[in-house]
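For reference, the structure discussed in these notes is given below.
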Amino acid sequence: MKCAHHTSKIFQTDGYLIPGSKCNYEISPEQTNRTRGKFYSPQYPSNYPRDVTCHYRFTATPNNRVKIVFEQIRLQKGDLSCLNSPDVILVYDGSNKSAPIIGHLCNTNTFVEIVSTGSDLFIEFHSRSHFPGQGFKASYLFDSKPQPPGINDIHVPSMGMYHHLISQLLVC
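Note that full-length UniProt numbering gives residue 108 to position 108 of the sequence shown, counting from 1, and the numbers run on in steps of one.
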C-alpha cells in the first residue's frame, strides 16, 4: 500500500485541479509557481478509465508560449489516421476548443513536441474504448516567444555584390 501512495505522488499533474472535476486542470506559472512541469492521463501509469474526457488548459504570461512534449503515449490502438480512434488527444492552439487543432494524437507514440503560437494551449483527452490503454505522460514548458528580427537586424546585400555576380556570369 505504501508503494501505491508513493507512485500516485510521482505521477501527479503539476497544475490546479478544477473543483468538482476528475481530470480538468488549469496550468499557468501564476498557479504553479513554476515554468515547467509534468501532466498525465488519469491513473497513469495504470490504465486510464473508460468514458472519460479530460481538459488541460495552459496559460503562459504575455509574450510567452507553451511547449508540450508527450514523452509517452499508449492509447487503445485504432485507425492509423486517428479519425476513428476511440481514444484520442486533441491539442488546440488557443484557450479552448474553438481554437485551431494543431495536434491529433492516438495509438502509441513517443516524444511528440507541440508548441503554441501564442500564450494559450488547450488539450482534450477522450477515452471511449472498451479496453483502455496506459495513457500518456507529458511535460510542459512556458517559454519566451522568439522575437521577429528588427529593422536593424535584417541584412540586405548591396548592389555591388549583385554587380560582381552578374559580371562573373557574363564572363562565362
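Where a beta carbon is used, it is the ideal one built from N, C-alpha and C, also for glycine.
Judged by DSSP in its simplified three-state form, I18 adopts coil rather than helix or strand. In this chain, the alpha helix (DSSP H) harbouring T32 covers P29 to T32. Partner residues in the beta bridge of E26, as assigned by DSSP, are Y16 and R57.
The closest CA to that of F142, considering only P19, K38, C54 and L90, is found on K38. Straight-line spacing of the CA atoms in P49 and G15 works out to 20 Å. About 5 Å separates the beta carbons of C82 and H104, which is inside the 8 Å limit, making them a contact pair. Inclusion of F131 and Q76 in the CB contact set at 8 Å is warranted, their separation being smaller than that value.
The criterion of a C-beta distance shorter than 8 Å is satisfied by F70 and A138.
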